[in-house]
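All remarks here apply to the structure that follows.
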Amino acid sequence: MSLPTRRLAALLIVASACSNSERTEPLAAITSFDCGSSLPDKRGELLRAMQLGGPGGAAWNWDGGALVCEVRISLPCHARPIVTVSAGTHARTAQVSHPSPKTAIAHATIPPALWQAALSRSAQPFAQLQLRARVEGRCTGGDERTFTASDVFNAGFASGE
């Protein structure tokens, strides 16, 4: 093999090793993400499953209450993640707690004016809202890996008598 061919072969081996190690690195994962209402008579009702009392399982008469969202995260390392929860284009930074070194739980409250402004009307008998959770961060303690994870779902909202 000529010298340029050997260098190319060595570069391909190194690139392949780096690429393979990146693919096998454990990543952050959102293990659960859902939102409920701050209204006292709606507590315990969750949006993601679309199994509430409105048409097609949409949430029924949630107007006026804030959305209270919880994001559970599995982390690849010791880290302080930044978690944002978005309702449409309106994002809120979540408060993060760490029940264990590689687990985090984040809570965000989205005021009614923000999430109701982000509702989109559709051919369905209810309005829809896209809810998204995003996690990003950097490992600490000498581990310089960065990570991201995201999850999204659409919720339905209906109102009436």
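Position 45, counted from 1, in the sequence shown is what numbering that gives the first Met the number 0 calls 44; the numbers after and before it change by one each time, with no gaps.
Using N, Cα and C, we set each Cβ at its ideal position, and we do this for glycine too.
For aspartate 62, the three-state secondary structure derived from DSSP is coil. Considered as a whole, the segment 69-147 harbours 81-86, 89-92, 94-99, 102-109 and 126-137 as its complete beta strand (DSSP E) runs of no fewer than 3 residues, in chain order. Exposure of alanine 48 is indicated by the presence of fewer than 16 other C-beta atoms within 10 angstroms of its C-beta. Beta-bridge partners of serine 149 (DSSP): Arg133.
Beta-bridge partners of serine 31 (DSSP): Arg71.
DSSP, read as helix, strand or coil, puts glycine 53 in coil. For leucine 113, the CB contacts under 7 Å within the same chain, skipping 5 residues up- and downstream, are Ala86 and His89 in chain order. Cβ-Cβ distances below 8 Å link glycine 43 to Gly35 in the same chain, with the five nearest sequence neighbours on each side left out; the list follows chain order.
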